[in-house]
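Here the sequence shown stands for residues 18 to 290, numbered as in our numbering.
The beta-carbon is built from N, C-alpha and C at its ideal position, and this holds for glycine as well.
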Amino acid sequence: MKRESLQQVLEQVRSGQLAVGEALERLRHLPYEDLGFAKVDHHRALRKGFPEVVLGLGKSPSQVAAIAAALAEKSDKVLITRVGPEVFAKVKARLPDAVFYEEARAIAVNRAPRTCPTAGVVIVSGGTADIPVAEEAALTAELMGCQVERLYDVGVAGLHRLLVHVDRLQRATAVVVVAGMEGALPSVVGGLVSAPVIAVPTSVGYGASFQGMAPLLAMLNTCAPGVAVVNIDNGFGGGYLAAVIARLAGEGKGRKRQGRRIQDKASRRSELD
């Protein structure tokens with residue numbers, strides 16, 4: 018449940034438009050709803066600014082569909098990661114407006130009113146093979162209200178492909194860099210931009226890559242300041258963190274603009290006096 022929805026219920030009770038019993042019925046699944054096999058956290062959006070996200074791995078298609086349906090009753094956004102067509106068929110039967118993003122291996126429902134997106138998130142991938150993880154990051158950030166730019170297949174083996182986009186990178190509020198193999202790309206990007214860089218190692222690579230351990234360790238040992246690292250193949254975590262950074266940066270700019278307006282009004286009043 019969103020903060021605005023909860024506030025509306027309380028205001029209706031206070032004004033007498035809504036009976037206490039009816040309000041209780043609306044709020045009875047707060048803070049969570051027990052489905053037996055899952056406890057759905059309806060308070061997540063109140064605490065974090067975004068609803069609970071469903072990890073599809075390890076759950077049956079029916080379980081994923083039931084959790085998604087429960088979330089959709091209380092939230093205008095639902096995100097399910099690491100799923101395929103079989104799970105999507107079950108979810109679609111319960112939620113007709115669900116959309117399957119094949120490249121991101123994710124399902125999303127977005128019933129929120131269209132608003133001006135928060136600008137500033139750039140998603141970078143080292144190679145084409147890293148795109149599924151990069152798309153998971155991009156979809157997550159977009160669903161969280163961010164405008165996302167994608168720069169794919171710009172790895173260090175052909176650095177000129179990245180350098181032509183330096184201006185776009187330097188305008189970013191947050192950059193997510195997804196790379197496998199030796200994992201050098203986040204360090205390169207981190208040396209070019211002032212924004213926070215979220216490094217996402219992938220399991221793409223040959224034997225000594227150790228399913229992503231080599232790029233993970235390389236990214237953790239970066240000499241470029243301002244680089245944070247999430248887990249192997251965790252595009253969701255990278256996109257989520259980038260969206261939080263962009264949102265807070267946007268709120269800060271809004272407060273600055275409001276402060277300037279107050280100062281301007283005060284200056285005009287003093288001039289009139």
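Asked	Found
Give the range of the alpha helix (DSSP H) segment to which A174 is assigned.	Premise fails: A174 is in no alpha helix (DSSP H) and is neither H nor E.
For L237, which residues from the same chain have a beta carbon less than 7 Å from its beta carbon, with the 5 sequence-adjacent residues on both sides left out?	V246
What are the start and end residues of the alpha helix (DSSP H) that includes T98?	Note, T98: premise wrong, no alpha helix (DSSP H); beta strand (DSSP E) at K94 to T98.
When DSSP labels each residue in this structure, what does T145 get in the three-state scheme?	helix
Where does the unbroken beta strand (DSSP E) through V108 begin, and where does it stop?	First-last for V108: P102 to R111, but that is the alpha helix (DSSP H), not the beta strand (DSSP E).
Can you tell me whether DSSP reads A167 as helix, strand or coil?	Rather than Ala, the amino acid found at residue 167 in this sequence is Arg. Three-state result, R167: strand.
From this set, A87, L96, Q34 and A115, which residue's C-alpha is nearest A155's C-alpha?	L96
Does DSSP put T135 in a helix, a strand or coil?	strand
What residue range does the alpha helix (DSSP H) around E199 cover?	It is not in any alpha helix (DSSP H) - E199 carries neither H nor E in the DSSP assignment.
Grouping DSSP H, G and I as helix and E and B as strand, with all else coil, what is I262?	helix
Using the Cα positions of G38 and E21, report the straight-line distance between them to the nearest angstrom.	20 Å
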